[in-house]
Amino acid sequence: MAVLKITDRQVTVALDWWEKLAARRSHLTIPTRVITGVSVVGDACGTARSVPAGKRAPGTRIPGLISTGTFTAADGTGSSTFSVCHGKGPGIVLELKSATVNRIIISTPNAEDYARELSTLVG
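Shown next as structure tokens:
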């Protein structure tokens, strides 16, 4: 399961080896200054699935089971989402500005704790 490593300067999405394979990438690190919003969701995979299916570059998506990788919305906006979601369960959504992706969605039972910690860092 993906883990968020949070410092006052950056957030790293640390992936397990199999998540790296599914996402076809290594860990993702972003500066905290690009985070514009943090929210907790009850169904992270459902939230990731609500992103209009567009270009997958790279990643793995099996509806209801897994949504891992970077996905660009099909609505022509060019909005991209990096998700690491497995099954049904809570998760955290990070909204970003001026980053390589516009949104990060992670399924984790620690979503409330991560959101509380990040809310002290995000202005």
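Using the numbering used here, read the sequence shown as starting at 302 and increasing by one per residue.
Heads up, the beta-carbon is just placed ideally off N, CA and C, and yes, glycines get one too.
This structure is a prediction, so every number in the text was calculated from the model and none was measured.
{"Check": "How big is the Cα-Cα spacing for Thr421 and Pro332?", "Outcome": "14 Å"}
{"Check": "Please say whether Phe372 and Ile405 have beta carbons closer to each other than 7 Å?", "Outcome": "no"}
{"Check": "Quick one: is Ala375 buried, meaning 16 or more other Cβ sit within 10 Å of its Cβ, or exposed?", "Outcome": "exposed"}
{"Check": "Within 10 angstroms of the Cβ of Gly338, are there 16 or more other Cβ atoms? Answer buried if so, exposed if not.", "Outcome": "exposed"}
{"Check": "Could you spell out where the beta strand (DSSP E) holding Gly370 opens and where it closes?", "Outcome": "367-373"}
{"Check": "What does the Cβ neighbour count give for Ser399, buried or exposed, with the cut at 16 atoms within 10 Å?", "Outcome": "exposed"}
{"Check": "What's the gap between the Cα of Trp319 and the Cα of Cys386?", "Outcome": "12 Å"}
{"Check": "Which residues does DSSP pair with Lys306 in a beta bridge?", "Outcome": "Thr313"}
{"Check": "So Pro410 and Gly343 are supposed to be a Cβ contact under 8 Å. How far apart are they, rounded?", "Outcome": "With a Cβ gap of about 12 Å, Pro410 and Gly343 do not count as contacting."}
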